[in-house]
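**Student:**
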Amino acid sequence: MPEGHTIHRLAADLRKDFVGQPVTANSPQGRFSESAAIFDGELMLKSEAWGKHLFCHWESGNILHIHLGLIGKFRKVDEETPPRDTIRLRLVNKSAMWDLTGPQTCALIVQEDLETVISNLGPDPLRIGLRGLGKFKRGLASSKKPIGAALLDQSLLAGIGNVYRAELLFLCGIHPETPCNRINEDDAEALWDWTVKLLRRGKRLNRIVTIQEEDKENISSKSKKRNNSLYAYKRAGLDCRRCPSEIVISKLAGRSIWHCPNCQGKND
DNA sequence: TACATATGATCAT
DNA sequence: TGATCCTATGTAA
Numbered sequence: 007m008p009e010g011h012t013i014h015r016l017a018a019d020l021r022k023d024f025v026g027q028p029v030t031a032n033s034p035q036g037r038f039s040e041s042a043a044i045f046d047g048e049l050m051l052k053s054e055a056w057g058k059h060l061f062c063h064w065e066s067g068n069i070l071h072i073h074l075g076l077i078g079k080f081r082k083v084d085e086e087t088p089p090r091d092t093i094r095l096r097l098v099n100k101s102a103m104w105d106l107t108g109p110q111t112c113a114l115i116v117q118e119d120l121e122t123v124i125s126n127l128g129p130d131p132l133r134i135g136l137r138g139l140g141k142f143k144r145g146l147a148s149s150k151k152p153i154g155a156a157l158l159d160q161s162l163l164a165g166i167g168n169v170y171r172a173e174l175l176f177l178c179g180i181h182p183e184t185p186c187n188r189i190n191e192d193d194a195e196a197l198w199d200w201t202v203k204l205l206r207r208g209k210r211l212n213r214i215v216t217i218q219e220e221d222k223e224n225i226s227s228k229s230k231k232r233n234n235s236l237y238a239y240k241r242a243g244l245d246c247r248r249c250p251s252e253i254v255i256s257k258l259a260g261r262s263i264w265h266c267p268n269c270q271g272k273n274d
């Protein structure tokens, strides 16, 4: 679940449910009890996302910093949901209840700490939009890493994860091993444009959908049931949606990556 | 019941 | 590069 679109959507949903009326906070699991007690009963003033980081600001000036990591979830639950001991944090008010489980980070910090966190992040496409292109291009130009590794580097751009990196490279026709500094102007611009577009779509739909209208008709009725929203991610051995080749899987920056050997030209 | 896996990141070697 | 942390889910045994 958690790439940048998820976190921005979360920030917006939490804002809707909690900003404006006092929030009860506790830690059924116990591991966050002391900190939760500090802002328990306060007003949430603001809820925002930077890349994959979520920040909820409280009256006292304290800030709840959450990073979901690989397996974390922060979800709205029914008021009868039992307080299981995997729930790190539970937020409640009159109209809503949310449970946080398995976060990589859940900490109470102050503004200065927040600034340190975001100073280590590259441009966030969902905050800066198309205006972030310049920064992104400079980041690419100064790196020799394979683009497939760079896209996961949150200090180059903030919010992309393993699904989007495979899909972005497919849509731009770029081989994952291409060194960043060999990506030309047009490709860099296309990468940034698609990133902004796809993250916005993901936030709106609350899930990752990269498939384009013109490719929908090429999806055989056989596979119509599932897995129809992506081009490359987890599609090893299946037909490319745009040519007769098969999608191949490889490893890059310690994670699996998928690409079409025909549509995503080999780098030399 | 056990194990593999997951849209992440850090720390040790 | 590999081990590690956190939790839930699906599949194998």
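With the working numbering applied, the first sequence corresponds to residues 7 to 274, in that order. By construction, the Cβ of each residue, glycine as well, lies at the ideal position given by its N, Cα and C atoms.
As a quick exercise: from E48, F38 and D19, pick the residue whose alpha carbon is nearest that of G108.
**Tutor:** By one-based count along the first sequence, residue 108 stands at place 102. The shortest C-alpha separation from G108 is found at F38.
**Student:** Tell whether a beta-carbon distance below 9 angstroms holds between L146 and A155.
**Tutor:** Position 140 of the first sequence, counting from 1, holds the residue named residue 146. Position 149 of the first sequence, counting from 1, holds the residue named residue 155. No. Outside cutoff.
**Student:** Report yes if the CB atom of P131 is closer than 9 angstroms to the CB atom of C186, and no otherwise.
**Tutor:** For this step, residue 131 is matched to residue 125 along the first sequence. For this step, residue 186 is matched to residue 180 along the first sequence. Contact flag unset, no.
**Student:** Just tell me which of S125, T12 and D199 has its CA closest to the CA of L74.
**Tutor:** The sequence position of residue 74 within the first sequence is 68, counting from 1. That would be T12, whose Cα lies nearest to the Cα of L74.
**Student:** So what's H265 in DSSP terms, helix, strand or just coil?
**Tutor:** Here residue 265 is taken as the residue at index 259 of the first sequence, counted from 1. It is a strand residue.
**Student:** Helix, strand or coil: which one does DSSP assign to S33?
**Tutor:** For this step, residue 33 is matched to residue 27 along the first sequence. Of the three classes helix, strand and coil, the one that applies to S33 here is coil, per DSSP.
**Student:** Taking the straight line between their C-alpha atoms, what separation do you get for V83 and K58?
**Tutor:** If you number the first sequence from 1, residue 83 lands on position 77. If you number the first sequence from 1, residue 58 lands on position 52. For V83 and K58, the distance between alpha carbons rounds to 22 angstroms.
**Student:** Mind listing, in chain order, the continuous alpha helix (DSSP H) runs of no fewer than 4 residues lying wholly within the stretch 149-188?
**Tutor:** 153-156 and 168-178
**Student:** Which residue marks the beginning of the beta strand (DSSP E) containing T12, and which one marks its end?
**Tutor:** Within the first sequence, the letter at position 6 stands for residue 12. Note, T12: premise wrong, no beta strand (DSSP E); alpha helix (DSSP H) at G10 to F24.
**Student:** Can you list, in chain order, the residues of its chain with a C-beta nearer than 7 angstroms to that of L205? Leave out the 5 residues immediately preceding and following it.
**Tutor:** To locate residue 205, count along the first sequence from 1; it is residue 199. G10, H11, P131, L132 and G165.
**Student:** DSSP state of D192, grouped into three classes?
**Tutor:** As a working note, residue 192 is residue 186 in the first sequence. D192: helix per DSSP, three-state reduction.
**Student:** Could you tell me which residues DSSP puts in a beta bridge with T107?
**Tutor:** For this step, residue 107 is matched to residue 101 along the first sequence. DSSP, once it has assigned bridges, lists K79 and I93 as partnering T107.
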